[in-house]
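Everything on this sheet refers to the single structure shown next.
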Amino acid sequence: MYDPFLYRDRQAVWRCFWTLNDHDNVFAQASSNDLIQWGRQYYPETTLGKTVTVLAVRRETNNQYAIDYKDSAGEYFVASTSDFKTYNFKKSPIVADSRKEVSINGAVLRGQIHRVAWSEVNALLQHVEIVQARHKLYRENSSMYGTLFPDLKTVTGSISLEPNRRKEISDLLVGVFFEDINYAADGGLYAELIQNRDFEYSLSDREGRDKSWNAMHSWSSTGGVNVIIDTTHYIHINNKHHALVNVGSAGALRNTGFDGIVLRKGQTYEFSCFSKLMNGKVVQANVKLVRPNGEVLATQKLSVSTVKWKQQSLVLKATADEDKASFEIEFTTPGVVALDMISVFPQNTFKGRKNGLRADLANVIADLHPRFIRFPGGCVAHGDGVHNIYHWKNTIGPLEARKPQRNLWGYHQTAGLGYLEYFQFCEDVGAEPVPVVAAGVPCQNSVGGQQGGIPESEMDSYVQDILDLIEFANGDGKTTWGKKRIALGHPKPFNLKYIGIGNEDLITDVFEARFVKIHEAVKRKYPDITVIGTVGPFYQGTDYVEGWKLADQLRLEMVDEHYYESPGWFIYNQDFYDRYDRSKSKVYLGEYASHLPGRPNNLETALSEAIYLTALERNGDVVTMASYAPLLAKEGHTQWNPDMIYFNNQSVTTTPGYEVQRMFSVHGGNEYISSNTVIDHRDNAVMKRIGTSVVYDRKTGDVIIKVVNLLPVQCDLKINLNELLMGEVPAKLITLTGEPGEKNLRPQEKDIRLSRDRVYAFPPYSLSVIRYRTSVVNK
Numbered sequence: 001m002y003d004p005f006l007y008r009d010r011q012a013v014w015r016c017f018w019t020l021n022d023h024d025n026v027f028a029q030a031s032s033n034d035l036i037q038w039g040r041q042y043y044p045e046t047t048l049g050k051t052v053t054v055l056a057v058r059r060e061t062n063n064q065y066a067i068d069y070k071d072s073a074g075e076y077f078v079a080s081t082s083d084f085k086t087y088n089f090k091k092s093p094i095v096a097d098s099r100k101e102v103s104i105n106g107a108v109l110r111g112q113i114h115r116v117a118w119s120e121v122n123a124l125l126q127h128v129e130i131v132q133a134r135h136k137l138y139r140e141n142s143s144m145y146g147t148l149f150p151d152l153k154t155v156t157g158s159i160s161l162e163p164n165r166r167k168e169i170s171d172l173l174v175g176v177f178f179e180d181i182n183y184a185a186d187g188g189l190y191a192e193l194i195q196n197r198d199f200e201y202s203l204s205d206r207e208g209r210d211k212s213w214n215a216m217h218s219w220s221s222t223g224g225v226n227v228i229i230d231t232t233h234y235i236h237i238n239n240k241h242h243a244l245v246n247v248g249s250a251g252a253l254r255n256t257g258f259d260g261i262v263l264r265k266g267q268t269y270e271f272s273c274f275s276k277l278m279n280g281k282v283v284q285a286n287v288k289l290v291r292p293n294g295e296v297l298a299t300q301k302l303s304v305s306t307v308k309w310k311q312q313s314l315v316l317k318a319t320a321d322e323d324k325a326s327f328e329i330e331f332t333t334p335g336v337v338a339l340d341m342i343s344v345f346p347q348n349t350f351k352g353r354k355n356g357l358r359a360d361l362a363n364v365i366a367d368l369h370p371r372f373i374r375f376p377g378g379c380v381a382h383g384d385g386v387h388n389i390y391h392w393k394n395t396i397g398p399l400e401a402r403k404p405q406r407n408l409w410g411y412h413q414t415a416g417l418g419y420l421e422y423f424q425f426c427e428d429v430g431a432e433p434v435p436v437v438a439a440g441v442p443c444q445n446s447v448g449g450q451q452g453g454i455p456e457s458e459m460d461s462y463v464q465d466i467l468d469l470i471e472f473a474n475g476d477g478k479t480t481w482g483k484k485r486i487a488l489g490h491p492k493p494f495n496l497k498y499i500g501i502g503n504e505d506l507i508t509d510v511f512e513a514r515f516v517k518i519h520e521a522v523k524r525k526y527p528d529i530t531v532i533g534t535v536g537p538f539y540q541g542t543d544y545v546e547g548w549k550l551a552d553q554l555r556l557e558m559v560d561e562h563y564y565e566s567p568g569w570f571i572y573n574q575d576f577y578d579r580y581d582r583s584k585s586k587v588y589l590g591e592y593a594s595h596l597p598g599r600p601n602n603l604e605t606a607l608s609e610a611i612y613l614t615a616l617e618r619n620g621d622v623v624t625m626a627s628y629a630p631l632l633a634k635e636g637h638t639q640w641n642p643d644m645i646y647f648n649n650q651s652v653t654t655t656p657g658y659e660v661q662r663m664f665s666v667h668g669g670n671e672y673i674s675s676n677t678v679i680d681h682r683d684n685a686v687m688k689r690i691g692t693s694v695v696y697d698r699k700t701g702d703v704i705i706k707v708v709n710l711l712p713v714q715c716d717l718k719i720n721l722n723e724l725l726m727g728e729v730p731a732k733l734i735t736l737t738g739e740p741g742e743k744n745l746r747p748q749e750k751d752i753r754l755s756r757d758r759v760y761a762f763p764p765y766s767l768s769v770i771r772y773r774t775s776v777v778n779k
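Just so you know, the sequence shown maps onto residues 1 to 779 in this note's numbering.
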C-alpha cells in the first residue's frame with residue numbers, strides 16, 4: 001500500500017484509495033463503515049495514465065464521485081464513478097495534492113485530516129485495547145514462564161470419560177501438504193541428481209537478480225570442449241534449450257548436481273540423455289561419476305551416431321561412497337553433438353518407481369501415515385501472475401514434453417515431479433489425493449497477484465482443464481483423459497474425491513466470478529467430488545469473512561483455512577472451532593504452524609500445535625482435515641521456516657513438530673469420546689496449558705487418550721475410564737518430552753498397566769499417548 005488516501009462519502013462510508021505498485025496501470029480501493037472491518041478490495045484498471053497516485057477524492061453530484069490522480073509521467077486525470085466499482089476516465093487540469101502534513105511525537109506524517117464524532121474515536125480505542133490484550137496473551141512463551149508461574153508446583157486434576165457421549169469424527173484428520181518450496185521437489189523429493197538437466201534455467205526464474213542463473217547453471221566444460229546453448233533444433237517446443245557441444249580435442253561436459261551428487265557403494269544409477277550428431281561424424285564418449293579429486297567411481301561408454309534425436313540410457317554402478325561427486329561426459333573423439341535431458345537417476349527410488357522419489361525422504365513422509373496429501377502447493381499452484389499459474393497438463397507425459405517454469409519461490413520447476421507422480425505417491429502411501437488448482441486468479445501475495453485473473457474469454461478452456469483433471473484421475477478407458485492415464489501406465493483410477501479451488505485468494509469480484517464458474521461446472525459434471533473453497537490466509541479479516549459469505553451462498557461442502565500463529569495463540573484459541581455452525585461447510589485446516597521469534601521448530605512450538613490438535617480432534621465433526629505447513633526444507637536453500645522435515649543430500653532430520661504430527665496420525669480414531677477434564681488450579685493460564693482428548697479407533701478396537709502438558713511442572717491426573725475399563729489391562733504409553741527449546745527429540749514408548757481411577761504423572765513439556773484395547777479386560 002503506497003500513498004493511501006482516505007475519504008468519507010455522502011453515506012458516511014470510509015473509502016481508502018492507494019497506489020498498488022510502480023508498474024501496473026491500476027489503483028486499489030476498499031471501504032469500511034467503522035475503520036475496523038473492511039470490505040472487499042477493488043483494483044480498477046486505468047485506461048489513461050501509467051502508475052497512478054490518487055491526489056484527491058470529491059463529490060461531483062449527489063451520486064457521482066471524482067477521483068483525481070496523476071501518473072508517473074506527471075499528467076493529470078480524473079476517474080468518475082457512482083458505485084466505486086466502474087469508472088470513466090478522462091484527462092484533467094493540474095490538481096493539487098490534498099494531503100496535509102502533521103508532526104506527531106517528532107515524526108512528520110502526511111495524509112488527510114477528518115473531523116469525526118468522539119464515539120467513533122472511542123470505538124477505535126476500545127478495539128485497540130481488545131487487540132492489545134489478546135496480543136499480550138498470544139505473546140506468552142516459555143521464556144516468560146518464570147514470571148508467569150513463579151511458585152507453580154505439581155498440578156493435579158482428573159479426566160472422567162463419558163462413554164455415552166460419543167460422536168463420529170473424520171478419519172482423515174491428519175495429513176500432509178506438499179508444496180515445492182525450499183527445494184522440496186527438484187533437488188529434494190524428486191530423485192533426479194542432475195541439476196538443470198533440461199538447460200531451461202532462466203534469469204527470469206530469479207527475476208534477473210542472479211546472473212549465473214541461466215541455461216548453463218550447474219554445467220561447465222573442460223579441455224577442448226566448447227558448449228553453447230541453442231534453441232533451433234529442439235526435441236520438443238516445451239523444452240527448446242539444449243546444449244551444442246563442439247569437441248575439438250579431449251575434454252568433458254560436467255554437472256555438479258544439487259550441492260554435489262551423493263553416491264553409495266554398490267548402488268546403481270541410470271544415466272539417460274537425448275543426443276544427435278550435428279556434423280555426421282560419430283562421437284565417442286565416456287559417461288562418468290567422479291570424486292572431487294578426479295577418481296572415477298562409475299563409468300560407461302556412450303556413442304552418438306544418429307543425426308536425429310535419440311534417447312540413450314546406461315546403468316552406472318558406484319564403486320565407493322561419495323557425498324560430493326560430479327557427473328561428466330568425457331569426449332574421446334572430435335565432432336559436434338546436441339544434448340538435452342541429461343539425467344542421472346538412482347534406481348533405488350521409493351517403491352522402485354521409475355522417475356520416482358528419493359527413498360529415504362519419501363519413507364519419512366510415509367511414516368507419518370498421512371490420511372491425505374495436498375499438492376502441488378499453495379502459492380505455487382496459482383503462481384506469480386496469470387502467466388505463472390500451474391497447469392497440470394504441462395506436468396504429465398514424457399519428460400521432454402513437460403513444460404518447465406519459474407517457481408515463484410525463486411527457482412526452477414522441471415515438472416519431473418508432476419501430477420501422475422503425485423497421484424502415484426498418494427496411492428503408494430494410502431493417502432487421499434487432494435490436488436489444488438488455481439481459481440482463475442494468481443497468488444495475492446505475489447508481484448502479479450492483484451492484477452485480476454484469467455480473461456473471461458479463456459475461462460471456458462481453463463474450466464475444461466479442471467474437468468479433464470478429474471477425468472484423468474477417475475476416468476476409464478472410454479474417456480479421453482482416462483485413456484491417457486492408462487497409456488501412462490496406471491490402468492486403475494486414482495479414486496479422486498476432493499479438489500481444492502484456490503489458495504489464500506483475495507476474495508474480490510474477479511475471484512468470485514471465476515470461482516463460481518469453476519464450482520458450478522465441477523458440481524454439474526461430478527456431483528460426488530467435494531470442492532474445497534478458500535477463505536484467505538488468516539483466521540480473521542476481510543478475506544476470511546468474505547470467503548465464508550461466499551461459502552454460505554454456494555453451500556460449499558468444505559473450505560480451506562490457513563493461519564500461522566504464535567504458541568500463545570494456539571494455547572488460548574482451543575475453543576476456536578467449538579463455536580462453528582455444524583450445518584455449514586466443513587473445514588480443511590490446510591496450512592498452520594506455531595511460530596516463535598527466530599522461527600524454530602522446537603518442543604515448545606510442537607506442543608502448542610499438539611494442544612491445538614486435541615481441540616481439532618474434539619471438533620473432528622466439523623474439521624475434516626488438517627495439515628502442517630511447510631512439509632520439507634533443504635538445508636541451505638530455505639525460503640521459509642519453520643518446516644516439518646529438514647534434509648540435505650545425505651540425510652533427513654525430523655523435528656518435534658514432525659513427531660507430534662506422527663503421534664496424532666498414527667494414534668487417530670474415528671469416534672470422539674467426550675470427557676470432563678478438571679484441573680485443580682484457578683489460573684486460566686495454567687488450565688489452558690493442559691489439553692486432553694480421547695478417541696476410539698473402530699478398526700483396532702483401541703481407546704486412545706492424549707494428554708498435552710505445556711507447563712514447566714509435572715501434571716498428575718486421575719483418569720476415570722468408567723465402563724470403558726472395568727479392571728486392569730495392558731497399555732502402551734508413548735511420551736514426547738524434553739526442554740522447550742530442544743529440536744532433536746524422539747518419543748519413547750513403554751508398556752504399562754492401565755486401571756480405573758489411577759493417578760498418572762505427565763512430565764513437564766510433554767505429549768503423552770495412552771493406548772489400550774477395550775477387548776482385553778482383566779477382572
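All residues carry an ideal CB built from backbone N, CA and C; glycine is no exception.
*Cutoff 8 angstroms; reference Gln714; Cβ partners in own chain excluding five residues on either side*: Answer for Gln714: Thr154, Val155, Ala761, Phe762, Pro763, Pro764, listed in chain order.
_Unbroken stretches of the beta strand (DSSP E), 3 residues or longer, contained in the segment 498–562_ = Note on the segment 498–562: whole beta strand (DSSP E) runs with a minimum of 3 residues are 498–501, 530–534, in chain order.
*Figure out for me which residue from Arg662, Glu742, Ser651, Thr774 has the closest Cα to the Cα of Arg702.*
In the sequence under discussion, the amino acid at residue 702 is Asp, which differs from the Arg named in the question. Measuring from the Cα of Asp702, the nearest candidate turns out to be Thr774.
*Within the same chain, show all residues whose beta-carbon is closer than 6 angstroms to that of Pro44, passing over the 5 residues directly before and after it, in chain order.*
Closer than 6 angstroms at Cβ, skipping near neighbours: Tyr87.
*Relative to the alpha-carbon of Phe177, which residue among Val307, Glu591, Lys523, Ile645 has its alpha-carbon at the smallest distance?*
The shortest C-alpha to C-alpha distance from Phe177 to any of Val307, Glu591, Lys523, Ile645 is the one to Glu591.
*How far does the alpha helix (DSSP H) with Thr715 in it reach, from first residue to last?*
Before going on, a small fix: residue 715 reads as Cys here, not Thr. According to the DSSP assignment, Cys715 belongs to no alpha helix (DSSP H) but to the beta strand (DSSP E) extending over 715–720.
*Kindly list the residues whose CB is nearer than 8 angstroms to the CB of His519, restricted to its own chain and excluding five residues on each side of it in sequence; keep chain order.*
For His519, where only same-chain residues beyond five positions count, the Cβ hits under 8 angstroms are Ile501, Val531, Gly533, Leu554, Leu556.
*Take the Cβ of His562 as the centre, count every other Cβ of all protein chains shown within 10 Å, and call the residue buried at 16 or more, exposed below.*
The residue in question, His562, is buried, as its Cβ has 16 or more Cβ neighbours within 10 Å.
*Would you check if the segment 221–236 and the segment 290–298 touch, i.e. whether three or more CB-CB distances between them fall below 8 angstroms?*
Result no; under three Cβ-Cβ pairs closer than 8 angstroms.
*Use the C-beta contact count for Trp118: other C-beta atoms within 10 angstroms, 16 or more gives buried, fewer gives exposed.*
Counting every other CB atom within 10 Å of its CB across the protein chains shown gives Trp118 a total below 16, marking it as exposed.
*asked:* For Phe27, list the residues DSSP reports as bridge partners.
replied: Assignment of beta-bridge partners to Phe27 by DSSP yields Thr19.
*With Cys426 as the anchor, note down where its alpha helix (DSSP H) starts and where it stops.*
Per DSSP, Cys426 belongs to the alpha helix (DSSP H) from 419–429.
*Just list the alpha helix (DSSP H) runs in the segment 553–625, keeping only unbroken ones of 4 residues or longer that don't cross its boundaries, in chain order.*
Runs of the alpha helix (DSSP H) spanning 4 or more residues and lying entirely within the segment 553–625 occur at 567–572, 603–618, in chain order.
*Pull up the distance between the alpha-carbon of Pro4 and that of Glu129, whole angstroms please.*
If I take the Cα positions, the gap works out to 25 angstroms.
*Enumerate in chain order the residues of its own chain whose CB-to-CB distance from Val13 is below 8 angstroms, with the five nearest sequence positions on each side excluded.*
For Val13, where only same-chain residues beyond five positions count, the Cβ hits under 8 angstroms are Ser31, Ser32, Asn33.
*Enumerate, from N- to C-terminal direction, the unbroken alpha helix (DSSP H) stretches of 4 or more residues contained entirely within the segment 98–145.*
Complete alpha helix (DSSP H) runs here, min 4: 118–138.
*In this structure, does DSSP put Tyr2 in helix, strand or coil?*
Looking at Tyr2 - three-state DSSP - the assignment turns out to be strand.
*Thinking C-beta only, is Asn619 closer than 8 angstroms to Asp578?*
Using a Cβ distance threshold of 8 angstroms, Asp578 and Asn619 count as a contacting pair.
*With a 10 Å radius around its C-beta and 16 neighbouring C-beta atoms as the bar for buried, classify Tyr2 as buried or exposed.*
Here Tyr2 is exposed, its C-beta having fewer than 16 other C-beta atoms within 10 Å.
_Contact set for Ser766: own chain, Cβ-Cβ below 7 angstroms, skip 5 residues either direction_ = Cβ within range, chain order: Asn709, Thr735, Leu736, Thr737.
_For Met687, three-class secondary structure by DSSP_ = Three-state DSSP puts Met687 in a helix.
*Leu357, buried or exposed, once every other Cβ within 10 Å from all chains shown has been counted against 16*: Leu357 is buried by the Cβ-count criterion.
*Burial state of Asp476, where buried means 16 or more other Cβ atoms lie within 10 Å*: Using a 10 angstroms sphere on the CB of Asp476, the tally of other CB atoms stays under 16, which defines it as exposed.
*Taking the continuous alpha helix (DSSP H) assigned at Leu469, which residues delimit it?*
456–474 is the extent of the alpha helix (DSSP H) around Leu469.
*Ends of the alpha helix (DSSP H) at Gln311?*
No alpha helix (DSSP H) holds Gln311; the beta strand (DSSP E) holding it covers 310–317.
*Where Glu60 and Pro93 are concerned, what is the direct C-alpha to C-alpha distance, given to the nearest angstrom?*
Going by the C-alpha atoms only, they are around 16 angstroms apart.
*asked:* In this structure, how does DSSP classify Tyr264 when only helix, strand and coil are distinguished?
replied: With the sequence shown as reference, residue 264 is identified as Arg, and Tyr is not the correct amino acid for it. In this structure, Arg264 counts as coil in the three-state DSSP scheme.
*Go through its chain and collect everything with a Cβ distance to Glu471's Cβ below 8 angstroms, but skip five positions before and after it.*
Cβ contact annotation for Glu471 (same chain, cutoff 8 angstroms, sequence separation greater than five): Thr479, Thr480, Trp481, Gly482, in chain order.
*May I ask you to report which of helix, strand or coil DSSP gives Ser791?*
Since the first residue of the chain shown is 1 and the last is 779, residue 791 is not available in this structure.
_Can you tell me whether Lys403 is helix, strand or coil according to DSSP?_
DSSP, reduced to helix, strand and coil, places Lys403 outside both helices and strands of the structure shown, so it counts as coil.
_For Val666, the three-state DSSP class (helix, strand or coil)_ = Correct three-state label for Val666: helix.
*asked:* Between which residues of its own chain and Ala606 is the CB-CB distance below 6 angstroms, once the five residues before and five after are set aside?
replied: Take Ala606, set aside five residues on each side of it, and the residues of its chain with a beta-carbon closer than 6 angstroms to its own are Pro656, Gly657, Val660, in chain order.
*Going by other Cβ atoms of all chains shown within 10 Å of its Cβ, with 16 needed for buried, is Lys634 buried or exposed?*
Per the 10 Å Cβ criterion, buried.
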